[in-house]
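Novice: Reminder that position 49 of the sequence shown reads as 48 in numbering that gives the first Met the number 0, one-by-one numbering, no gaps.
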Amino acid sequence: MHETVIQVRFCETDLLGHVNNNNFFIYMEDSRIKFFEELKLVDENWNFILASIKCDFLKQVYYGQEILINTRVVKVGNSSFHLEQDMLEKESGVLVARGFSVIVQFDFDKQLSKPLSEDMKRQLESHQLAPK
Numbered sequence: 000m001h002e003t004v005i006q007v008r009f010c011e012t013d014l015l016g017h018v019n020n021n022n023f024f025i026y027m028e029d030s031r032i033k034f035f036e037e038l039k040l041v042d043e044n045w046n047f048i049l050a051s052i053k054c055d056f057l058k059q060v061y062y063g064q065e066i067l068i069n070t071r072v073v074k075v076g077n078s079s080f081h082l083e084q085d086m087l088e089k090e091s092g093v094l095v096a097r098g099f100s101v102i103v104q105f106d107f108d109k110q111l112s113k114p115l116s117e118d119m120k121r122q123l124e125s126h127q128l129a130p131k
């Protein structure tokens, strides 16, 4: 599992005083990119696209809170993989949101999906956790 900590900034809140829902997708992206970099799945040639994304909002989050994002692989396919990202209040460990995404390796010249290499699959599977 990969962990990222996000410090909620004032500009990420809305008129109701809590984090605007759009920002959870930014948090997920930030954590995803750090995960890709840790696994060395990307280099100067970015080869992944986001095919699907979803987020369930479970609890309000406010300015100044720290959010811990746990990113894990839940499925590895031929050219894609699925991630689950739990977002927790760092201090209390309470789950505030859960995100799901599907990432596809993509050949931009051919405009088609591209199979993951065996090395990529091994890297991803090493971060795959058993279903809950």
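Ideal Cβ positions, reconstructed from N, Cα and C, are used throughout, including at glycine.
(1) Taking the beta carbon of I102 as the centre, do at least 16 other beta carbons fall within 10 Å, making it buried, or is it exposed?
(2) Can you tell me which of the three DSSP states M86 falls into?
(3) Tell me the residue span of the beta strand (DSSP E) that contains E141.
(4) By Cβ distance below 8 Å, which residues in the same chain neighbour K89 in space, the five residues on each side in sequence not counted?
(5) Hey, quick one: how far does the beta strand (DSSP E) through F99 stretch, first residue to last?
(6) Span of the beta strand (DSSP E) holding Q6?
(7) I'd like to know whether the C-beta atoms of V95 and Y61 end up nearer to each other than 8 Å.
(8) Beta strand (DSSP E) containing S51: first to last residue?
(9) According to DSSP, simplified to helix, strand and coil, what is L123?
(10) If you draw a straight line from the alpha carbon of L49 to that of H1, how long is it in whole angstroms?
(11) Are V75 and L82 closer than 8 Å when you measure CB to CB?
(12) Going by the beta-carbon positions, is the gap between C54 and G98 smaller than 8 Å?
(13) Which same chain residues end up closer than 6 Å to F35 when comparing Cβ atoms and leaving out the 5 residues on each side of it in sequence?
(14) Hey, would you say L123 sits closer than 8 Å to F56, going by beta carbons?
Specialist: Taking the geometry as given:
(1) Along the sequence shown, read from residue 1 onward, the residue named residue 102 stands at position 103. Around the beta carbon of I102, 16 or more other beta carbons lie within 10 angstroms, which makes this residue buried.
(2) Here residue 86 corresponds to residue number 87 of the sequence shown, with the count starting at 1. It is a strand residue.
(3) For residue 141 there is no data in the structure shown, the boundaries of the chain being 0 and 131.
(4) Along the sequence shown, one-based indexing puts residue 89 at 90. If we look at K89 and ignore the five residues flanking it on each side, its Cβ neighbours are V4, Q64, E65, I66 and L67.
(5) Numbered from 1 along the sequence shown, position 100 holds the residue referred to as residue 99. Residues L94 to D106.
(6) Numbered from its first residue, the sequence shown carries residue 6 at position 7. Looking at the DSSP string, the run of the beta strand (DSSP E) that includes Q6 is H1 to Q6.
(7) For the purposes of this step, residue 95 is taken as residue 96 along the sequence shown, with counting starting at 1. For the purposes of this step, residue 61 is taken as residue 62 along the sequence shown, with counting starting at 1. Their beta carbons are not under 8 Å apart, which means V95 does not touch Y61 by this criterion.
(8) If you number the sequence shown from 1, residue 51 lands on position 52. Bounds of the beta strand (DSSP E) holding S51 are F47 to F56.
(9) To locate residue 123, count along the sequence shown from 1; it is residue 124. Secondary structure at L123: helix, using DSSP grouped into helix, strand and coil.
(10) Residue mapping note: residue 49 aligns to position 50 of the sequence shown, counting from 1. Residue mapping note: residue 1 aligns to position 2 of the sequence shown, counting from 1. Going from the Cα of L49 to the Cα of H1 covers about 18 Å.
(11) For the purposes of this step, residue 75 is taken as the residue at position 76 of the sequence shown. For the purposes of this step, residue 82 is taken as the residue at position 83 of the sequence shown. Result no, Cβ atoms of V75 and L82 do not sit closer than 8 Å.
(12) Looking up residue 54 in the sequence shown gives position 55. Looking up residue 98 in the sequence shown gives position 99. Cβ atoms of C54 and G98: closer than 8 Å.
(13) For the purposes of this step, residue 35 is taken as the residue at position 36 of the sequence shown. The answer, listed in chain order, is V41.
(14) The residue labelled residue 123 in the question sits at position 124 within the sequence shown. The residue labelled residue 56 in the question sits at position 57 within the sequence shown. Contact flag unset, no.
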